[in-house]
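>
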Amino acid sequence: MEEQLRQAERLDSLGRLAGGIAHDFNNILAVISGYAAMLTEEFGPEHELHADARAIEQAAARGSGLTRQLLIFSGLEPSRPEPLDLNAVTTDMQRLLSRTLGDDIELTTMLSLDLPPITMDRNKLEQVVLNAAMNARAAMPSGGRLTLTTSVERHTGQVCLSITDTGYGMEPSVAARAFEPFFTTKGRGKGTGLGLATAYGVVTDAGGTITLESALGAGTTVKVSLPPAELASRPSTLVRRPSGGGKVLVV
Ligand code: ADP
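Counting in full-length UniProt numbering, the sequence shown tops out at residue 411, every number present.
1. Between Val249, Phe339, Leu189 and Thr307, which has its C-alpha nearest Arg228's C-alpha?
2. Note the first and the last residue of the continuous beta strand (DSSP E) segment covering Met270.
3. Output the distance between the C-alpha atoms of Thr364 and Leu285, rounded to the nearest integer angstrom.
4. What whole-angstrom Cβ distance do Val319 and Pro276 have, given they're in contact under 8 Å?
5. Nearest to His315 by CA position, among Asp281, Asp245, Thr200 and Pro387, is which residue?
6. When you compare only the Cα positions, how much space is there between Glu162 and Ile192?
7. Please go through the same chain and pick out, in chain order, the residues whose beta-carbon is closer than 7 Å to the beta-carbon of Ser396, but skip the five residues on each side of it.
8. Do Thr352 and Phe342 have their C-beta atoms closer together than 9 Å?
9. Would you list the residues sitting across from Arg305 in a DSSP beta bridge?
10. Between which residues of its own chain and Tyr195 is the CB-CB distance below 7 Å, once the five residues before and five after are set aside?
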């Protein structure tokens, strides 16, 4: 128990440190992005430096994606909860994903009618869906199907979004650690290990739960369950950093 508390404290200060750096870094990246965009425009497609300027722009965009993740993970990004229709958020995400996932991924959305509203920070919820979808993309290197499904759990009234892929699934040892901050199987420079840890923090802060169901060779479902708006919990003072927590079901 004491060791668990120490681990939670360590992760908490690590999160704050990472968040502080991310904040300053984001401003630096905004300057690099701005100038790179100017250069890309200045050097038209014919110019020998056009591709270099684009490469700087793209690297800066990747950097800001990562710092954004760190800011949300650290809890330093303030939350702006608002009433949300999960179906509308899902539809918007589908639009975004259909442009980014690539032609070899078949994207399907199944919306449940009459979902009650939820209360949540929209940007953070979108980040959760994006993280799960990017993991799904990575788990289907030769294509597959990604399905976004909304539902209401009959016995609890929780409002749910499942992100299901037909990818390679997870070894039980990977599934057991998947929510751990900085745990990644993607290799240096490819994964940060912050995607699911961030999702865990965001969803539990909103009073919800996030579960994983994975079958090796068949695919993975990440299910986010959130309380309907009238039951949404007030902000709590509990330590929220997971230490490899999160409910994990391996079937
Ligand atoms: P990252 O994506 O940076 O590695 P995450 O926290 O998002 O960090 O994921 C941790 C690990 O969980 C991944 O490296 C991968 O091994 C595993 N994982 C997550 N989502 C999936 C998925 N949909 N299919 C297979 N493995 C997954």
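The beta-carbon is built from N, C-alpha and C at its ideal position, and this holds for glycine as well.
In brief:
1. Sequence index remark: in the sequence shown, residue 228 carries index 68 (1-based). Here the closest residue by C-alpha is Leu189.
2. Here residue 270 is taken as the residue at index 110 of the sequence shown, counted from 1. Bounds of the beta strand (DSSP E) holding Met270 are Ile265 to Met270.
3. Here residue 364 is taken as the residue at index 204 of the sequence shown, counted from 1. Here residue 285 is taken as the residue at index 125 of the sequence shown, counted from 1. About 12 Å.
4. Looking up residue 319 in the sequence shown gives position 159. Looking up residue 276 in the sequence shown gives position 116. About 6 Å; that satisfies the 8 Å criterion.
5. Looking up residue 315 in the sequence shown gives position 155. Residue Pro387 holds the alpha-carbon nearest to the alpha-carbon of His315 among Asp281, Asp245, Thr200 and Pro387.
6. Stepping through the sequence shown from its first residue, residue 162 is reached at position 2. Stepping through the sequence shown from its first residue, residue 192 is reached at position 32. Those two C-alpha atoms are separated by around 44 Å.
7. By 1-based counting over the sequence shown, the position of residue 396 is 236. Here Ser396 scores only 40 on pLDDT, less than 50, and its place in the model is too uncertain to base an answer on.
8. Taking the first residue of the sequence shown as position 1, residue 352 is located at position 192. Taking the first residue of the sequence shown as position 1, residue 342 is located at position 182. A contact, by the Cβ cut-off of 9 Å.
9. For the purposes of this step, residue 305 is taken as residue 145 along the sequence shown, with counting starting at 1. Answer is Glu266, bridged to Arg305.
10. Taking the first residue of the sequence shown as position 1, residue 195 is located at position 35. Close CB contacts of Tyr195 within its chain, under the 7 Å cut and outside five residues either way in sequence, are absent.
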